[in-house]
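From first to last, the protein sequence lines are chains A and B.
When the letters of the first sequence are read in order and numbered with my numbering, they come out as residues 1 to 172.
When the letters of the second sequence are read in order and numbered with my numbering, they come out as residues 1001 to 1172.
By construction, the Cβ of each residue, glycine as well, lies at the ideal position given by its N, Cα and C atoms.
2 protein chains.
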Amino acid sequence: MRSMELFRNRRSVRSFTDEGVPDQVIAEALEAGNLAPSAGNLQARDFVVVRGIERKRQLADAAHSQMFVADAPVILACCANLDRIASYGPRGRELYCLQDVAAAVENILLYLSSVGYGACWVGAFNEKRVSDALNLPINVRPLALLPVGRPTSEGRPQSRLVTDDLVHFEEW
Amino acid sequence: MRSMELFRNRRSVRSFTDEGVPDQVIAEALEAGNLAPSAGNLQARDFVVVRGIERKRQLADAAHSQMFVADAPVILACCANLDRIASYGPRGRELYCLQDVAAAVENILLYLSSVGYGACWVGAFNEKRVSDALNLPINVRPLALLPVGRPTSEGRPQSRLVTDDLVHFEEW
Chain A
1 MRSMELFRNR
11 RSVRSFTDEG
21 VPDQVIAEAL
31 EAGNLAPSAG
41 NLQARDFVVV
51 RGIERKRQLA
61 DAAHSQMFVA
71 DAPVILACCA
81 NLDRIASYGP
91 RGRELYCLQD
101 VAAAVENILL
111 YLSSVGYGAC
121 WVGAFNEKRV
131 SDALNLPINV
141 RPLALLPVGR
151 PTSEGRPQSR
161 LVTDDLVHFE
171 EW
Chain B
1001 MRSMELFRNR
1011 RSVRSFTDEG
1021 VPDQVIAEAL
1031 EAGNLAPSAG
1041 NLQARDFVVV
1051 RGIERKRQLA
1061 DAAHSQMFVA
1071 DAPVILACCA
1081 NLDRIASYGP
1091 RGRELYCLQD
1101 VAAAVENILL
1111 YLSSVGYGAC
1121 WVGAFNEKRV
1131 SDALNLPINV
1141 RPLALLPVGR
1151 PTSEGRPQSR
1161 LVTDDLVHFE
1171 EW
């Protein structure tokens, strides 16, 4: 089953070769991201593509000094746009736009994996410091940093809980 | 590009034929869901598979009377498990487990689309009423309802903003 292979083959990649990532790959990855559904199709998500060494270091510092983040040729900063989701009120700000960004991130990771690139979903960072590094407006919230590059190795799949432990029928 | 086709072909489906959805399809969809990454690989997400007519009506009522929800042969309720994410503190509860569920939902939607089923990501509902209908424990939060079935039509893709409007380089 092709789509299942896609889900299985994705890895969290934290070690990258020196090979760069072409602009075209980044453009297609972001197109894949924005093909994810979003609340009311408002697409309340924005992306910042970072290649500059100094700025990558600032992002790695903001991510509690996870320095592998700076070692990637490109970092994609995936952000919620609180202005664009405003019509949904608090549930929009606190849930929908977070989901919208996360769905986009998953598409980006799947796309990159399908064309031989690797990335890692980094969520542990100081949002204020990332916002400062990227000069984000006050109503744009950074939610994921994705260092992207060619993986140094194939990596191994993470183990998973047995699905039966997570699935319930009719009620809990 | 195969993965791009997968992202493009997914539709939000709100009208279903009477044909059922085999248990095997649901099982594989949920496996696809849990192949999505999660914070610390904690997999802080649980799923409830609902086929009972009365309970589906309760969920549709809780979703502000979006009655198409009850017309689907199956509803997948996708939930965050706040106990399983507890080690990450407030950021885990308010961000990571929401993202973990959303990434799983996106995989589920992509998988279902790839095997000819349709679903719709429903986020507008009263969480307390959904929790009551599903008998969820206090530390399990329902975040998405996915009515699933065979689509009555192919549907049309939603329009998207021009990617250039969403993408920034180096900084905002």
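Proximal residues to residue i (C-beta, below 8 Å), its chain only, five neighbours per side dropped
i, result
"residue 1155 of chain B", "1011, 1012, 1013, 1118"
"residue 50 of chain A", "56, 59, 74, 75, 76, 77, 134"
"residue 1064 of chain B", "1124, 1125, 1126"
"residue 53 of chain A", "70"
Test item: CB-CB of residue i and residue j under 8 Å
i, j, result
"residue 85 of chain A", "residue 146 of chain A", "no"
"residue 6 of chain A", "residue 1038 of chain B", "no"
"residue 1171 of chain B", "residue 48 of chain A", "yes"
"residue 1015 of chain B", "residue 1068 of chain B", "yes"
"residue 1033 of chain B", "residue 1108 of chain B", "yes"
"residue 130 of chain A", "residue 62 of chain A", "yes"
"residue 1102 of chain B", "residue 29 of chain A", "no"
"residue 1080 of chain B", "residue 1045 of chain B", "yes"
"residue 1105 of chain B", "residue 1144 of chain B", "yes"
"residue 1059 of chain B", "residue 1124 of chain B", "no"
"residue 35 of chain A", "residue 1008 of chain B", "yes"
"residue 137 of chain A", "residue 127 of chain A", "no"
"residue 173 of chain A", "residue 25 of chain A", "The structure shown does not extend to residue 173 of chain A, since chain A is modelled only from 1 through 172, so no value can be given for it."
Host beta strand (DSSP E) of residue i (start-end)
i, result
"residue 45 of chain A", "45-50"
Endpoints, alpha helix (DSSP H) assigned at residue i
i, result
"residue 81 of chain A", "Segment 74-81 is the beta strand (DSSP E) holding residue 81 of chain A; no alpha helix (DSSP H) there."
"residue 1058 of chain B", "1053-1062"
"residue 1008 of chain B", "1002-1009"
"residue 18 of chain A", "Taken as a continuous stretch (DSSP letters only), residue 18 of chain A belongs to no alpha helix (DSSP H), as it is neither H nor E."
"residue 106 of chain A", "97-114"
6 Å Cβ shell around residue i - same chain, five flanking residues per side excluded
i, result
"residue 1139 of chain B", "1082, 1083"
"residue 70 of chain A", "56, 57, 60"
"residue 97 of chain A", "44, 80, 85"
"residue 1151 of chain B", "1013, 1118"
"residue 1019 of chain B", "1150"
"residue 99 of chain A", "none"
Close-in-space but distant-in-sequence residues of the same chain around residue i (CB under 7 Å, 5 per side omitted)
i, result
"residue 21 of chain A", "73, 74, 117, 148, 149"
"residue 93 of chain A", "82, 85"
"residue 1017 of chain B", "1149, 1150, 1152"
"residue 111 of chain A", "28, 29, 32"
Paired residues, beta bridge with residue i - DSSP
i, result
"residue 1147 of chain B", "B:1075"
"residue 167 of chain A", "B:1047"
"residue 1137 of chain B", "DSSP lists no partner for residue 1137 of chain B."
"residue 1142 of chain B", "B:1079"
"residue 1012 of chain B", "B:1119"
Within chain A, partners of residue i - CB distance below 9 Å
i, result
"residue 1046 of chain B", "165, 166, 167, 168, 172"
"residue 1181 of chain B", "Here chain B comprises residues numbered 1001 to 1172, so residue 1181 of chain B is not present and cannot be evaluated."
"residue 1031 of chain B", "4, 7, 160, 163"
"residue 1082 of chain B", "Going along chain A, no residue has its Cβ under 9 Å from residue 1082 of chain B, so there is no contact; the nearest lies around 14 Å."
"residue 1175 of chain B", "No answer is possible for residue 1175 of chain B: the residues shown for chain B start at 1001 and end at 1172."
"residue 1174 of chain B", "Nothing can be reported for residue 1174 of chain B, as the shown portion of chain B is limited to 1001 through 1172."
Contact list for residue i against chain A, beta-carbon separation under 8 Å
i, result
"residue 1142 of chain B", "Neighbours of residue 1142 of chain B on chain A: none; closest Cβ ~11 Å, over 8 Å."
"residue 1016 of chain B", "None at all; the shortest Cβ gap to chain A is about 17 Å."
"residue 1146 of chain B", "Result: empty, since nearest Cβ-Cβ is about 11 Å, beyond 8 Å."
"residue 1049 of chain B", "167, 168, 169, 170"
"residue 1087 of chain B", "Correct list: empty, because the minimum Cβ distance to chain A is about 12 Å."
"residue 1153 of chain B", "Under the 8 Å cutoff, chain A gives no residues; its nearest Cβ is about 18 Å from residue 1153 of chain B."
Residue i CB to nearest heavy atom of the ligand MG below 7 Å
i, result
"residue 106 of chain A", "The model depicted lacks the ligand MG and carries no ligand whatsoever."
Interface residues of chain A facing residue i [CB-CB closer than 7 Å]
i, result
"residue 1096 of chain B", "123"
Partner residues on chain B for residue i, Cβ-Cβ distance less than 9 Å
i, result
"residue 67 of chain A", "Within chain B, no residue comes near residue 67 of chain A; the closest Cβ sits about 19 Å away, beyond 9 Å."
Contacts that residue i makes with chain B (C-beta to C-beta distance below 7 Å)
i, result
"residue 41 of chain A", "1158"
Contact list for residue i against chain B, beta-carbon separation under 8 Å
i, result
"residue 105 of chain A", "1099, 1103"
"residue 60 of chain A", "Those within 8 Å of residue 60 of chain A in chain B number zero; the least Cβ separation is about 16 Å."
"residue 36 of chain A", "1007, 1106"
"residue 117 of chain A", "What residue 117 of chain A touches in chain B: nothing, since even the nearest Cβ is about 12 Å away."
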